[in-house]
Structure formats: structure tokens, C-alpha cells
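>
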Amino acid sequence: MAGDDSIFLGASRKPDDSYQEAETLLLRYGNRHGLVTGATGTGKTVTLQILAEGFSNAGVPVFCADIKGDLSGISMMGEAKDFLLKRAEEIHLDPYEFQEFPVIFWDLFGEQGHPIRATISEMGPLLLSRLMNLTEAQEGVMNIAFRIADEEGLLLLDMKDLQALLSNLAERAAEIGARYGNVTRQSVGAIQRSLLVLEQQGGDNFFGEPALRIAELMRTTRDGRGAINVLAADKLMMNPRLYATFLLWLMSELFEVLPEVGDPDKPKLVFFFDEAHLLFDGAPKALVDRVEQVVRLIRSKGVGVYFVTQNPLDVPETVLAQLGNRIQHALRAYTPREQKAVKTAADTFRPNPDFDCATAITQLGTGEALVSTLENKGVPSMVQRTLIRPPSSRLGPVTPQERQKIMAMSPVAGQYDQPIDRESAFEILQKRALEAQATQQQAQPPAQTGSGTGWTLPDFGNAPAPTTRTRGTAAPRPSNRQTVTEAAIKSVVRSVGSSVGRALVRGILGSLSRK
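Numbering (this note's numbering), first residue to last: 1 to 515.
As C-alpha cells, then:
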């Protein structure tokens, strides 16, 4: 349906609910970012799926998170089902063809996809502080740690490198504090405890080498389709802070690595940020400002960022203003906050005189949305009530066997599976500590010891003289065990009270023991 310069999204409806026209997203405005919102069960995941399919067929690589696991079906060919065929007929999608798409599965834990790793240095002190929810004072200590690492040539690759550096920082607190400000053991200890929590939540799997090369996410196939990178995020969602920080790191890396391209005919990469509210919940202003900066400037790198979330209020206004392509699924308006969200969503669209936008948002059916995309000269189109097209790939997840087969044929198979642990801050600081210890031992005077082995035994004056023995026989050892008579004598002596009585008893019983 769509031409070479656009992606077919669906068909808009007239007031009488009849077919009106095709709704498309122009590829040259695909890097102007977008927003997909709607309540649970209204069809956001399918919308994400058809957008990913459209960009892939246009030769644009895609990165998206698979929160529930059902987006993995994009790697398999779709099947003809009655409700899909009916939707295709309603929107005049002819021919409706099924296909499978080139997918690369990724997983921070390395279980349902190829491992994704980043080094501590690449993450940086700001994102690490956000990830560990550090206070302002603790974040200051983290910045000092990174500064010391740069000055002393200490590579920060994995978590044990950062742990070793923090321990070294605490030992040198007075020296470092004189240069960069107060470094307290309490702050260092709090950061180390946060690192331990992060390690238990799976952060240890993420930090290390080989680190992900951004170019891996921008592959295309021989037939010109863009690779769809699917991040398995069902387990990752158990630690939403790690999920949000990772995706923000990925956007930051794209921003720093990619060259300026201006306004290309189509994006170089499209990035879908599902469950976008996790990025902004409880985020400090400095972090929100960073997100706004990346979203605003990454467009010139040819990267389109699409936020997918339930409520448009989840995205700050400063970021919301950067999102030109809007797909709004149904919202519920049962609470004051939900009513405000409906009004906010309605006010962001270019009005359509055929219907009231706020009322329509609450009446949309599953797979139906209000759509407004950028037209010629980058002007938002008039909002249209649209039936979203059915996907060409499978609806629903792949089986574990299908996933393993796809991973085995992946272009990155074997490249990231095994971790690498090269010399870095941990090994260097450990070597320094051993050298300092050896130097200290050499500077100490030798300990004064006795002759022979340096050990002595007390002489009780009754040990038998050593006897000569032939080679190969064991020397006799004096027994410390008492005879029955000796034990009886000591018992009787202890029972006599006076010193005179004890002396008499010893004399009498002593003569008995010698007999």
C-alpha cells in the first residue's frame, strides 16, 4: 500500500465509519521521533510491531524491547486468521502478504539472546549514580573516583574494578580529599553497598567485555532490509532502574558515536523505548535534562526515538514537545489523573472538525487509534481516527526452540557469548598493594629468634635424658599419662585440708607408689 517513501499504518474512517484514505508515516520524517500511547490491551504492541516491520522493509534497522515476550513473533511468518483478513479488507490492504523479518535477539542476562555488555567507563558516573540511586554527596564521590581512574590510567571495565577503586579511594581519603574535596568512608561504604545490590540484581552480567559495538545494531540484510534488534526484557523488568539506565546509555552512545547526517531520506536507526515511564519515574532534573538533550539532538544523527507508554503524562512536556509523529490508542477516564491525560492527549493533536478528539480517545476500539504524522514541510497532519493495519509477521511469541535456531544463525553468533577479563583497575591496584606490602616487609628489621628453628620448649626438670637409637627406629617418648596409683595419691592429697596433713599423706602414699 505505502510507497517507497512511506510506511502504511492503516486507514482513516469517515464519520459514518466507512473507508476514507490510507494513513502513512513519511520516511524522511521518521527521525523526528514519535509517541505511541494507550491503555493496556488497546493494541500498542501490535502498532510497535507494524512500525518495526515497515522500517525494516524500508532498509532501516530497528531496536526495540520485548516486555511481554510476544514481540519475538516478528521473526516468524504470519498466519492467515479470520480477524486479520477482515481488518485487511476493511482498510483496503491488497495484497495482504505474510513474511518473516531478520531479527537479532539480545538479552542483558544472556539467556534469551546474545549478551549485551557495557564497561563501567562507558556508562559514566552520572548514569551509574542514577542506576544506584545515590545521594548528591555519593554522586560527588563517584565523580572523583572516575577522575582518579583517568589520571592514573586505571581501566574501569567491570564491577570488581569499581569496587577495587572505591576501596583504594577510602584508603587514600585524606590525600584525595585535599585535592578534590571531602571523601568520607561512609559515602564510599554506601556506594559499595549499592554496588552489591546492583550485582545481585544482575548488573554483574551487564558490566564487562566484550562490550557491544553500536554498529551491530545497524545491520542490513543482503536483500536490503534492516535488522530488527529485539531485547528480551521480561526478566529485565524485575529491575526497572537497570532497564531504563541501559536504554538511556544506548541512546547516549548512539548520540556520541554516530556522525551528523542532517535530514536523510530515511532514518539510520529507529529506537523504540517501551514502558517509557520507567525512564522518568523519580528521575532527578539533571537526568531529565540529559534525556531531553539527547532526544533533541540525536535527530541530526539520523536516529528516530519512539516512546511507547500507557499515559502521555508519563513523558515530561519538554520531551513531549520533540515528538512529531503521534499514535494514540484508547485511554480510560475513570480517575482525575486519567481525565487529565485524555485532555492532554487531545490538546496535542491538530483538531479535526469531524469529531471531538477527547471523546474519541475514550471510545476507540482495540486496534484503533488517533493518528497524526508529519506531512510535507514537517507540519503535523490533521488527526484521523484510524484502523491500524494487521502485521505481516506472527502475532504472539516464538517457541524456545525457534528462538535458539534464530540465535544460531545470527550474524553475531559467538562474538559476545564468552566474557573477557583483561588487566584493568582491579588487577593493577592488586599488584600495587602486593608491591607496597613487599617493600614494607623489606624495610622492617629481622625478628630476633633463638637457635635452630626459633622454637623452645619449657623444661620441667623431670624429662628423661635422650637415648641413643639406631637409624630407622623411633625415639622413645616420655608418657604424660598418670598411673592409677598416682592419680589416687593426688586425689587424696587434694582432700586433706591442712598443709601438715598433706605432707604426712604424701610421705605415706609416696612410699607406696615407689613399691
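Don't be surprised by glycine CBs; every beta carbon is placed ideally from N, CA and C. Remember, it's a predicted structure, so these values are computed and weren't measured experimentally.
With the cut-off set at 9 Å, would you say S56 and F101 are in Cβ contact?
The residue you call residue 56 lines up with position 56 of the sequence shown. The residue you call residue 101 lines up with position 101 of the sequence shown. Contact: yes.
> Along the chain, where does the beta strand (DSSP E) containing A65 start, and where does it finish?
Here residue 65 refers to the residue found at position 65 of the sequence shown. Where A65 is concerned, the enclosing beta strand (DSSP E) stretches over V62 to D66.
> Please report the distance separating the alpha-carbon of L212 from that of P411.
For the purposes of this step, residue 212 is taken as the residue at position 212 of the sequence shown. For the purposes of this step, residue 411 is taken as the residue at position 411 of the sequence shown. If you take the alpha carbons of L212 and P411, they lie about 14 Å apart.
> To which residues of the same chain is S451 closer than 7 Å at the C-beta, ignoring the five residues directly before and after it?
Numbered from 1 along the sequence shown, position 451 holds the residue referred to as residue 451. With a pLDDT of 48 at S451, under the threshold of 50, the modelled position of that residue is not reliable, and the figure given next carries that caveat. Cβ within range, chain order: n/a, list empty.
> Starting from the N-terminal side, write out each stretch of the beta strand (DSSP E) that is 3 residues or longer and does not extend beyond the region 1-26.
6-13 and 19-26
> Using only alpha-carbon positions, find the residue among T184, L258, H277 and L313 that is nearest to M218.
Residue mapping note: residue 218 aligns to position 218 of the sequence shown, counting from 1. Considering only alpha carbons, the answer is L258.
> CA-CA distance, T362 and G124?
Here residue 362 corresponds to residue number 362 of the sequence shown, with the count starting at 1. Here residue 124 corresponds to residue number 124 of the sequence shown, with the count starting at 1. Rounded to the nearest angstrom, the two C-alpha atoms are 43 Å apart.
> Nearest by alpha-carbon distance to M251: which of N168, Q293 and P312 is it?
Within the sequence shown, residue 251 is the residue found at index 251, counting from 1. Ranking N168, Q293 and P312 by Cα distance to M251 puts Q293 first.
> Using a Cβ-Cβ cutoff of less than 8 Å, which residues in the same chain neighbour G396 once the five nearest sequence positions on both sides are dropped?
In the sequence shown, residue 396 corresponds to position 396, counting from 1. D70 and G73.
> Using beta-carbon positions only, say whether L313 and R337 come within less than 9 Å of one another.
As a first step, residue 313 must be located in the sequence shown, where it is residue number 313. As a first step, residue 337 must be located in the sequence shown, where it is residue number 337. Yes, they are a contact pair.
> Kindly identify the DSSP beta-bridge partner or partners of S129.
The residue labelled residue 129 in the question sits at position 129 within the sequence shown. BP columns for S129 are empty, so no partner.
> Kindly indicate which residue of A80, G365 and V270 has the alpha-carbon position closest to the one of R394.
What you label residue 394 is simply residue 394 of the sequence shown in a count that begins at 1. Of the listed residues, the one whose Cα sits closest to R394 is A80.
> Would you identify the three-state DSSP class for Q112, choosing helix, strand or coil?
By 1-based counting over the sequence shown, the position of residue 112 is 112. Secondary structure at Q112: coil, using DSSP grouped into helix, strand and coil.
> Counting Cβ pairs, one atom from each stretch, are 3 or more of them under 8 Å apart for the region 289-305 and the region 261-281?
Yes, they touch.
> Could you tell me which uninterrupted alpha helix (DSSP H) segments, each at least 4 residues in length, are contained entirely in the region 195-277, listed from first to last along the chain?
If we require 4 residues or more, the alpha helix (DSSP H) runs fully inside the region 195-277 come out as 240-257.
> Could you pull out every residue in the same chain whose Cβ sits closer than 6 Å to the Cβ of P274, ignoring the five residues on either side in sequence?
Here residue 274 refers to the residue found at position 274 when the sequence shown is read from its first residue. At residue 274 the sequence reads Asp, which differs from the Pro that was named. Same-chain partners within the cutoff: A65, I67 and V308.
> Rounded to the nearest angstrom, what separates M238 and E435 at their Cα positions?
For the purposes of this step, residue 238 is taken as the residue at position 238 of the sequence shown. For the purposes of this step, residue 435 is taken as the residue at position 435 of the sequence shown. One C-alpha to the other measures close to 43 Å.
> Take the Cβ of R222 as the centre, count every other Cβ of all protein chains shown within 10 Å, and call the residue buried at 16 or more, exposed below.
As a position in the sequence shown, residue 222 is number 222, starting the count at 1. Exposed.
> Under three-state DSSP, which class holds M123?
Mapped onto the sequence shown, residue 123 falls at position 123. Looking at M123 - three-state DSSP - the assignment turns out to be helix.
> Excluding the five sequence neighbours on either side, which residues of its own chain have a C-beta within less than 7 Å of the C-beta of L162, listed in chain order?
Counting from 1 along the sequence shown, the entry for residue 162 is found at position 162. Same-chain partners within the cutoff: I120, L156 and L195.
> Return the chain-ordered list of same chain residues with a C-beta closer than 7 Å to the C-beta of E402, the five sequence neighbours on each side being excluded.
Here residue 402 corresponds to residue number 402 of the sequence shown, with the count starting at 1. Same-chain partners within the cutoff: M76.
> Please check the pair I191 and L166, which I expect to be a contact at CB under 8 Å, by giving their CB distance rounded to whole angstroms.
As a first step, residue 191 is located in the sequence shown; it is residue number 191 there, counting from the start. As a first step, residue 166 is located in the sequence shown; it is residue number 166 there, counting from the start. Yes, they are in contact, since the Cβ atoms of I191 and L166 sit about 6 Å apart, within 8 Å.
> Can you grab the Cα-Cα spacing for the pair T245 / S18, in whole Å?
As a first step, residue 245 is located in the sequence shown; it is residue number 245 there, counting from the start. As a first step, residue 18 is located in the sequence shown; it is residue number 18 there, counting from the start. Approximately 45 Å, taken between the alpha carbons.
> Quick check on the DSSP output: the beta strand (DSSP E) that includes S75 runs from which residue to which?
Stepping through the sequence shown from its first residue, residue 75 is reached at position 75. Where S75 is concerned, there is no enclosing beta strand (DSSP E), given that its DSSP letter is neither H nor E.
> Here's the rule I'm using: 16 or more other beta-carbon atoms within 10 Å means buried, otherwise exposed. How should K531 be labelled?
Examination of residue 531 is not possible in this model, given that the chain is present from 1 through 515 alone.
> Within the region 125-178, note down every full beta strand (DSSP E) run reaching 3 residues or more, in order along the chain.
none
> Since P380 sits in a beta bridge, which residues does DSSP pair it with?
As a position in the sequence shown, residue 380 is number 380, starting the count at 1. Partner(s): L374.
> Between A173 and chain B, is any beta-carbon pair separated by less than 9 Å?
Looking for chain B here will not work: only one protein chain is present.
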